[in-house]
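Working notes, beginning with the structure itself.
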Amino acid sequence: MSADSRAGGTVPSPSSVGLAAAIIAATEGEPRALTVHVPDQAPGRGDGLPAGPLVSEHATLERGLRAWVERQTHQRLGYVEQLYTFGDRDRQADAKGDSTSGVHTLSVAYLALVREERPAGLAEAAWRNWYRYLPYEDFRKGRPPELDAIEAELLAWAGAPADAKLRRSRADRLGLTFGLNGATWNEERVLERYELLFEAGLIPEAAGNAGPARP
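Residue numbers (my numbering): 335 to 549.
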């Protein structure tokens, strides 16, 4: 009996594996991320993370990641830790933001902590202050002014649904992530805040995650 017949005649959908690295260094007290240039992007969206697809010559996911990073940045990695895995269909949109390929992309991201070195390679690599991408997280000089507009938009988003249960759920999440509605800001909830901004459509990536992974 074939695999297709056991599965009721279903045909596996096309798929691919994408690898990305968040390479972080602390230089003179400033958190920095190693980025590469992403061509043909809108202004302000030209930076990406070192990334590439898993191909046949890569024996493992991690070896594939290391190969792409060294090729694009000339940065040799030590220990790396897997951050997340997404397996959404059409998560990688094209340059116009269209998701019509029907391909399941398994996106695997890793974290690497390194000492900052002068970057080189094939992708115009550069070290960037990570608050350039997350300015609302920068409390080094007090509350960041960017939060005023963000919170106003989030409150409008949370109050928009007609369903009262959904409104309560969104309000609870705003408290958990952004310290609203009488809750306290938790600096460790960086990922949850980013995910909420994505869901609310308040970051550029929400309109179409084209090309390599973004910082």
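Cβ coordinates follow ideal geometry from the N, Cα and C atoms, glycine included. Computed from a predicted structure; not experimentally measured.
I'd like the span of the alpha helix (DSSP H) that includes residue i, first residue to last.
i, result
"GLU533", "524-533"
"LEU536", "Here LEU536 belongs to no alpha helix (DSSP H), and DSSP marks it neither H nor E."
"SER390", "Counting along the chain, SER390 falls outside any alpha helix (DSSP H), and DSSP gives it neither H nor E."
What does the Cβ neighbour count give for residue i, buried or exposed, with the cut at 16 atoms within 10 Å?
i, result
"TRP519", "exposed"
"ASP482", "exposed"
"PHE512", "buried"
"PRO453", "buried"
"GLN406", "buried"
"THR394", "exposed"
"ARG502", "exposed"
"TYR470", "buried"
"LEU368", "buried"
Strictly by DSSP, which residues pair up with residue i?
i, result
"ALA486", "In the DSSP output, where bridge partners are listed per residue, ALA486 has none listed."
"ARG466", "For ARG466, which the question treats as bridged, DSSP gives no partner whatsoever."
"ARG501", "In DSSP, ARG501 forms no bridge with anything."
Output the distance between the C-alpha atoms of residue i and residue j, rounded to the nearest integer angstrom.
i, j, result
"LEU456", "LEU440", "24 Å"
"GLU451", "GLU480", "31 Å"
"GLU533", "GLU487", "12 Å"
"LEU399", "SER350", "14 Å"
"PRO384", "ALA355", "6 Å"
When you compare each of the options to residue i by their alpha carbons, which one comes out closest?
i, options, result
"VAL389", "LEU353, PRO348, ILE537, GLU485", "LEU353"
Where do the ends of the beta strand (DSSP E) carrying residue i lie?
i, result
"LEU368", "364-371"
"LEU417", "414-420"
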